[in-house]
Amino acid sequence: MTGALDLIVSIAVTHVRARLRQTFVGVLGVATGVGFSVIMAALMQGSQEDFVAQLVDAMPHVSVSDERRNPPVQPAEQDYAAAQISGQSTPAMRRGVKNPYALMASLEAWLPGVVAPSVQARAVIRYAGRDTAANVVGVDPRREPKVSKIAAQIREGSLEALQRASNGIILGDGLAKKIGARVGNSVVVATGGGATMSARVVGLSHSGMKINDETQAYTLLKTAQVLAGQTGLVNELRIRLNDVMQAREMADRIEAQTGYKSVSWQEQNEDLLSAFAIRNLIMYTVVGAILLVASFGTYNIVSTITHEKTRDIAIMKSLGLRESTVRRIFVLEAMIIGLGGLLIGWALGYLMSRGLGSIEINLPFGDKNHLPIAYAPQHYLIAGGVALASSVFAGYFPARKAASLHPVEIIRGAS
Amino acid sequence: MSAPLVVARGLTRILTGEIETTLVDGVDLDIAAGEFLAITGPSGSGKSSLLYLLGLLDEPTRGELAIDGRETSRLREEARADLRLSTLGFVFQFHFLLPEFSALDNVMLPMRAFGRLSDRQMTAQARDLLASLGLEAHMGKRPDQMSGGQRQRVAIARALANRPKLILADEPTGNLDSHSTEQVLAILRKLVDETKTSVAIVTHDLSLAAQADRRVHVVDGRLAPHAAPSNPA
């Protein structure tokens, strides 16, 4: 068997080597396909990961709000299999998470992550006659750095300064620019509920996401509670998990335990993630098409070789080589072209990734000034696997045709 | 008396198509072990077609063919290929050597396909074969670097590579000069005499046919009842 394998390899290699130029063109076709598939996948995944990372950094992994997904079950519904309730009016309930600190302690007992309270208040921030709508987030400066990157995102001032100043506020740098405020200035914060207060700008934050930087402001929890008009109010528990991918599972468990609506970052960005899935589907379709086109080159080369080698095929069969052996020779030739293209394509894809990754460019989102490139082995394996499979597939048909040649017809014709 | 190596009974080959053509028509033929058989006949008489049937390169439309005691008519393609590889050797009018390979590699080709010997054994055996045919100096040459006679001797060496029991030769001297023809004939004769290998040769060459142990004459796909050794063509 080893002898037959040696024979197959030596004939295939000899055929391919005897047509160096043709082989080179075929290899180049596959290499281009693989190389561009790799760089395309690297760019697509890189940008996706970058975007998701910014998204995940900018928001809690799980957000527990003072809402419930379903209205509370009525006593009549508990007692009877079927109940019709009419004329029910929604009772005025105090907003907020009940016993937030006890709840936080209970969650932290089992949750693989940290929890921080926050209060959200919609407000208008005014300075020097200019005003802008803002989302004021009341935070606990000791806990908040554990659940968000706010501390690292402070460009001027510091998060701790919120505790030192009375009514301190940290503005997103985009927001500050809009109204022309700087650190040390006093701004007026007014809510729709009628609360108005003067606050001193103690810092500027920059998350890299324009929408956040132009609308977000941070105050102490107490300050935001005053703005929201309810002392002791906590309307959101922000949770950062050790493993960001556990967010969905943890959100379900928290909701089951507390009854409060718990939303994972995935749920919050379901549409975006679906769009990514569609984008990936499009990407792999295009990659498949590129590699399919490259395989036409392999088909052509193997077809040409089998056509030129008709007489050799006849003699090999007359000597006693099986059809399957002859078929394997030509399939192996296609594999050699595919393998050569794969290896060069991998190198090409890697070098292009390095090259593109080093180009400085201003991106429309975030702070990055380089194209985000993901270096993932699976890009190489998928592109290489598809290229090799399509080469073998392309080589199989001419190989099968060649192997089924009737030697007598060719020997008669050549004699 | 030992059983014949080849037993053909009612061997018939008909080409179907718009016009049906009978190439071989009910041939009964035995070839004994160690026999040198010449198959003669006019052009288009079906002698090469008969040889291809005997060599399992073609399948008979009717009839039975046993080679080395094995009935072949119901064998699958792979089994026929295996039997060709192990038992039969072919020499054609055109040498049919693989052009990119050296003489040594060409001779080793059937050995490697057979896979019974180690690399070293295959190389040694192929060298011995080529040397026995006077090709010591040409082992590393490709076919385009050799003369017609040398190529044909390489082709004979290749046919002998797996020590077949039967060599089938189709006009092996058709493209050779008289000196090379004599050489090839002497090789085949020696093969029969020394190794008891059977040889069936299709030829127009009267001198070659005269040196065979037996001659059969084919006319219109049938064996002529009485061969005429002095006038085979």
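Residue numbers (numbering that gives the first Met the number 0), protein chains in the order written: chain W, 0 to 414; chain S, 0 to 232. Using N, Cα and C, we set each Cβ at its ideal position, and we do this for glycine too. Keep in mind the model is a prediction, meaning the values are calculated, not measured.
query: DSSP three-state assignment for W/Y349, whether helix, strand or coil; result: helix
query: Exposure of W/F295, with buried meaning 16 or more beta-carbon neighbours within 10 Å; result: exposed
query: Cβ separation of W/A250 and W/E266, assumed to be a contact under 8 Å, to the nearest whole Å; result: 7 Å
query: N- and C-terminal bounds of the alpha helix (DSSP H) containing S/H216; result: No alpha helix (DSSP H) contains S/H216, which is instead part of the beta strand (DSSP E) from 213-218.
query: Straight-line Cα distance separating W/P376 from S/L84; result: 46 Å
query: Proximal residues to W/K316 (C-beta, below 6 Å), its chain only, five neighbours per side dropped; result: P406
query: Limits of the unbroken alpha helix (DSSP H) element including W/F295; result: 269-307
query: Selection of the segment 65-95 of chain S by Cβ proximity to chain W, strictly under 8 Å; result: E76, E77, A80, D81, L82, R83, L84, S85, L87, F89, F91, Q92, F93, F95
query: CB contact below 8 Å: S/E17 versus chain W; result: no
query: Burial state of W/T297, where buried means 16 or more other Cβ atoms lie within 10 Å; result: buried
query: 8 Å Cβ cutoff, W/P371 in contact with chain S; result: no
query: Minimum C-alpha distance to W/G173 - residue among W/D130, W/N166, W/A11; result: W/D130
query: S/T202, buried or exposed, once every other Cβ within 10 Å from all chains shown has been counted against 16; result: buried
query: Where the alpha helix (DSSP H) through S/E76 begins and ends; result: 76-86
query: W/V407 at chain S interface by Cβ criterion, 8 Å; result: yes
query: Which of helix, strand or coil DSSP assigns to W/Y126; result: strand
query: Cβ-based neighbour list, S/A208, same chain, cut-off 6 Å, excluding 5 preceding and 5 following; result: A37, T39, T202, R214, P231
query: Inside the segment 123-199 of chain S only - beta strand (DSSP E) runs reaching at least 3 residues; result: 165-169
query: Contact test: W/A75 Cβ vs the ligand NAP heavy atom, cutoff 7 Å; result: Looking at this structure, you won't find the ligand NAP or any other ligand, since it has none at all.
query: Contact check, W/S46 vs W/P397, beta carbons under 8 Å; result: no
query: The segment 337-353 of chain W in contact with the segment 105-112 of chain S per 3-pair CB rule at 8 Å; result: no
query: Minimum C-alpha distance to S/D219 - residue among S/A168, S/G45, S/I30; result: S/G45
query: Secondary structure, beta strand (DSSP E): runs of 3+ residues fully inside the segment 61-119 of chain W; result: 61-64
query: Cβ neighbours of W/G95 in the same chain (closer than 7 Å, five flanking residues each side left out); result: D65, Q229, L232, V233, N234
query: Host alpha helix (DSSP H) of W/R399 (start-end); result: 376-402
query: Exposure of W/R154, with buried meaning 16 or more beta-carbon neighbours within 10 Å; result: exposed
query: Alpha-carbon to alpha-carbon, S/Q151 and S/P228; result: No answer about S/P228 holds up, because its pLDDT of 48 lies below 50 and its placement is not dependable.
query: C-beta neighbour in chain S for W/Q21, strict 8 Å; result: no
query: S/G114 at chain W interface by Cβ criterion, 8 Å; result: yes
query: Proximal chain W residues relative to S/F35, where beta-carbon distance stays under 9 Å; result: Those do not exist, as S/F35 stays about 21 Å from chain W at its closest Cβ, beyond 9 Å.
query: Run of the alpha helix (DSSP H) containing W/R237, from where it starts to where it stops; result: Element bounds for W/R237: not the alpha helix (DSSP H) but the beta strand (DSSP E), 235-240.
query: Neighbourhood of S/K140 by C-beta, 7 Å cutoff - its chain only, sequence neighbours within 5 removed; result: S101, A102
query: Beta-bridge partners of W/M445, as assigned by DSSP; result: The requested residue 445 of chain W does not occur in the structure, where chain W is confined to residues 0 to 414.
query: Beta carbon proximity, W/E322 to chain S, threshold 8 Å; result: yes
query: Beta-bridge partners of S/V5, as assigned by DSSP; result: S/I30, S/I66
query: Buried/exposed call for S/D127, threshold 16 Cβ in 10 Å; result: exposed
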